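Numbering (the working numbering), first residue to last: 753 to 955. The beta-carbon is built from N, C-alpha and C at its ideal position, and this holds for glycine as well. Every value quoted in this text rests on a predicted model; they were computed, and no experiment measured them. See below for the structure under consideration.
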Amino acid sequence: MTYNSRMFNLEAFIRTFSYLGLFGLVFAESGLLVGIVLPGDSLLFLAGFMASQHAVNIAGLITVVFVAAVLGNSVGYAIGRRFGRQLFKKSSYLKPEQVDQAEHFFSRHGGKAVIISRFVPVVRTLVPPLAGIGQMDYGRFSLYNIVGALFWTTSVCLLGYFLGKSIPNIDHYILPIIAIVIVVSLLPSAWHYFRNRSSSTQN
753 MTYNSRMFNL
763 EAFIRTFSYL
773 GLFGLVFAES
783 GLLVGIVLPG
793 DSLLFLAGFM
803 ASQHAVNIAG
813 LITVVFVAAV
823 LGNSVGYAIG
833 RRFGRQLFKK
843 SSYLKPEQVD
853 QAEHFFSRHG
863 GKAVIISRFV
873 PVVRTLVPPL
883 AGIGQMDYGR
893 FSLYNIVGAL
903 FWTTSVCLLG
913 YFLGKSIPNI
923 DHYILPIIAI
933 VIVVSLLPSA
943 WHYFRNRSSS
953 TQN
C-alpha cells in the first residue's frame, strides 16, 4: 500500500493489533462515551479493503466487528439504564422531564433509532445509553441492536472489500475514498441539524 494516514494510521493499527484492536475500537465506539471520537465507518471500510489485500480474513473481520458492535451497544444500554437517571437528578443542565421524553421516544421509535444510528457517527455512541435511560425493553433493544450491527458491519466492510477486489491500484485512492465515506456518514446528522435550526428560526 502506498497511502499513509497521518492523523491516525489505521492501517498500521490494524496490522499491529489485528482482530483484537478492531474489537476494542468498535466496542469502545459502540458502548463507551469516550469512544465518541473513534473512526467507526472509516475503520470498517479500511479493514474491509485490507481484507481484499489478504491482511485480514473478511469472514473473521465481519464476525469480530459484529460481536464487538452488539456487545458495545449492550454495555452502553446497561450504563444508561443503571446510571442515566441518577445523572439527570444530579445535573443542573439536564431536566427530569427529558427522561419522560426519552421514554416516549424509545417506546415509539426505539427500533428505528437503534438501527439507523449505526450509520451515523456520534449518534451511534449516544443512542444505546439513551435507550437505557428511556427504559426501552431490553429484548426489543437487543433484536434491533443485532439487526443494526449486522447491516452496518457487513455493508461497510464488504464495500471496502469489493472495491479493493474490483478496482486496480485502488490503494492510490484510498484516502479520498475514506474521506467520502466519512462525509457521507455525517450527512444525516448535518441534515437533521440544519432542519432543526431552520424550524427554530421560523418559529
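Near the ligand COA: residue i beta-carbon under 8 Å from a heavy atom
i: Val-879; result: No copy of the ligand COA appears in this structure; indeed no ligand is present at all.
Rounded straight-line distance, which links the Cα of residue j to that of residue i
i: Gly-862; j: Thr-905; result: 20 Å
i: Gly-812; j: His-806; result: 12 Å
i: Val-899; j: Ile-766; result: 25 Å
i: Lys-917; j: Gly-800; result: 10 Å
i: Gly-891; j: Asp-793; result: 26 Å
i: Ala-780; j: Phe-818; result: 13 Å
i: Gly-776; j: Ile-868; result: 22 Å
i: Leu-911; j: Leu-798; result: 9 Å
i: Gly-836; j: Val-786; result: 16 Å
i: Leu-902; j: Ser-782; result: 13 Å
i: Val-808; j: Leu-895; result: 29 Å
i: Gly-886; j: Leu-915; result: 40 Å
i: Lys-864; j: Pro-791; result: 23 Å
i: Phe-834; j: Arg-860; result: The sequence shown places Arg at residue 834, not Phe. So the two alpha carbons sit approximately 22 Å from each other.
i: Phe-760; j: Ile-919; result: For Phe-760, the predicted structure reports a pLDDT of 47, less than 50, and the residue's modelled location is therefore unreliable. A value from the coordinates is still provided. Straight-line Cα distance between these residues: approximately 25 Å.
Delimiting residues of the alpha helix (DSSP H) encompassing residue i
i: Phe-893; result: 890 to 918
i: Ile-885; result: 875 to 885
i: Val-778; result: 762 to 783
i: Ala-799; result: 792 to 804
Residues near residue i in its chain [Cβ-Cβ closer than 7 Å; skip 5 each side]
i: Ile-814; result: Thr-905, Thr-906, Cys-909
i: Ile-831; result: Pro-881, Gly-884
i: Asn-897; result: Val-822, Asn-825, Ser-826, Val-866
Contact under 9 Å by Cβ, residue i with residue j
i: Leu-762; j: Leu-795; result: yes
i: Val-872; j: Ala-820; result: no
Own chain, CB closer than 6 Å to residue i, minus 5 neighbours either side, in chain order
i: Arg-870; result: Arg-876, Gly-900, Trp-904
i: Ile-810; result: Ala-803, Tyr-913
i: Met-888; result: Phe-858, Gly-862
i: Val-816; result: Tyr-771, Leu-774, Phe-775
i: Gln-838; result: none
Cβ-Cβ separation, residue j to residue i (assumed contact under 8 Å), whole Å
i: Ala-803; j: Tyr-913; result: 5 Å
i: Ile-788; j: Val-879; result: That pair is no contact at about 12 Å.
i: Phe-769; j: Tyr-829; result: With 8 Å as the limit, Phe-769 and Tyr-829 do not qualify as a contact, their Cβ atoms being about 26 Å apart.
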